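Enquirer:
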Amino acid sequence: MGFYKKIKMNVNGKWYAKSVLVMSPVSTEQVAKRIAAESTVSPADVRAVLTALGGVMGDYMSQGRSVKLDGVGSFYFTAVTSKNGVDKPEDVNATLIRGVRVRFIPETRYRGAGKGRVSTRGLSDVDIEWEEWKGKEKGSLTPDPSPNGEGSKEGEGPVVG
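Numbering (this note's numbering), first residue to last: 14 to 174.
What follows is the structure in structure tokens.
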């Protein structure tokens, strides 16, 4: 289940639904245990692979390649360049690059057949049921409602995303 909250935008005065992250982020350890439970691989082996994944992906992407992970999507680097640019093509060089961003395109999934076939991009092949978040914002003085009880670490407040 996904959560949202109502947000009024200052720029146009209109209200929107904005997604809310609840509880603490899922850790590598939790992911490793879940993958191990759904496969024949041990949690330690999954952790080792997940730990190596970032470095391997970064190495491939630094070679100008994208990395496609089946069931997840594709990752690639883009250059962040000087805002002003230059007047002549011969003045373009690597010193204009100020940083790098990692971009992600979720894998495309298809549902249905024929004219009713629909493609969607996302990590989930199930529909998300949305519910309005009734908890408090992070940093408020009132504890957030938590499925693990008041004051639990996993019951930390939402992060608007």
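Where a beta carbon is used, it is the ideal one built from N, C-alpha and C, also for glycine. A quick note: this is a predicted structure, and the numbers were derived from the prediction, not measured.
Please report the straight-line C-alpha distance between Y89 and P56, rounded to a whole angstrom.
Expert: Straight-line Cα distance between these residues: approximately 28 Å.
Enquirer: How should S52 be labelled, buried or exposed, when 16 other C-beta atoms within 10 angstroms of its C-beta is the threshold for buried?
Expert: Classification of S52: exposed, given that the 10 Å Cβ count is below 16.
Enquirer: Would you report the Cα separation of D72 and E120, rounded to the nearest angstrom?
Expert: Their Cα atoms are separated by approximately 21 Å.
Enquirer: Measure from the alpha carbon of T94 to the alpha carbon of each residue in G86, V105, V85 and G84, then state which is nearest.
Expert: Here the closest residue by C-alpha is V105.
Enquirer: What is the DSSP secondary structure of V93, reduced to helix, strand or coil?
Expert: Three-state result, V93: strand.
Enquirer: Should W146 be labelled buried (16 or more other beta-carbon atoms within 10 Å of its own) or exposed?
Expert: So W146 ends up on the buried side.
Enquirer: Could you spell out the range, first to last residue, of the beta strand (DSSP E) harbouring I48?
Expert: Here I48 belongs to no beta strand (DSSP E); instead the alpha helix (DSSP H) covers T41 to A50.
Enquirer: Measuring alpha carbon to alpha carbon, tell me which of T41, V24 and Q76 ends up nearest V7.
Expert: A query on residue 7 cannot be resolved here, the shown segment of the chain reaching from 14 to 174 and no further.
Enquirer: So if DSSP puts E142 in a beta bridge, which residue, or which two residues, is it bridged to?
Expert: E142 pairs with nothing; no bridge assigned.
Enquirer: Roughly how many whole angstroms lie between the Cα atoms of G26 and D100?
Expert: Each residue's alpha carbon lies about 40 Å from the other.
Enquirer: Does the beta-carbon of A45 have 16 or more other beta-carbons within 10 angstroms, so that it is buried, or is it exposed?
Expert: When all chains shown are included, A45 counts as buried.
Enquirer: Starting from L82, follow its DSSP beta bridges and name the residues at the other end.
Expert: Paired residue(s): G86.
Enquirer: Using only the alpha-carbon positions, how far apart do I110 and E103 sit?
Expert: Between I110 and E103, the C-alpha separation is close to 15 Å.
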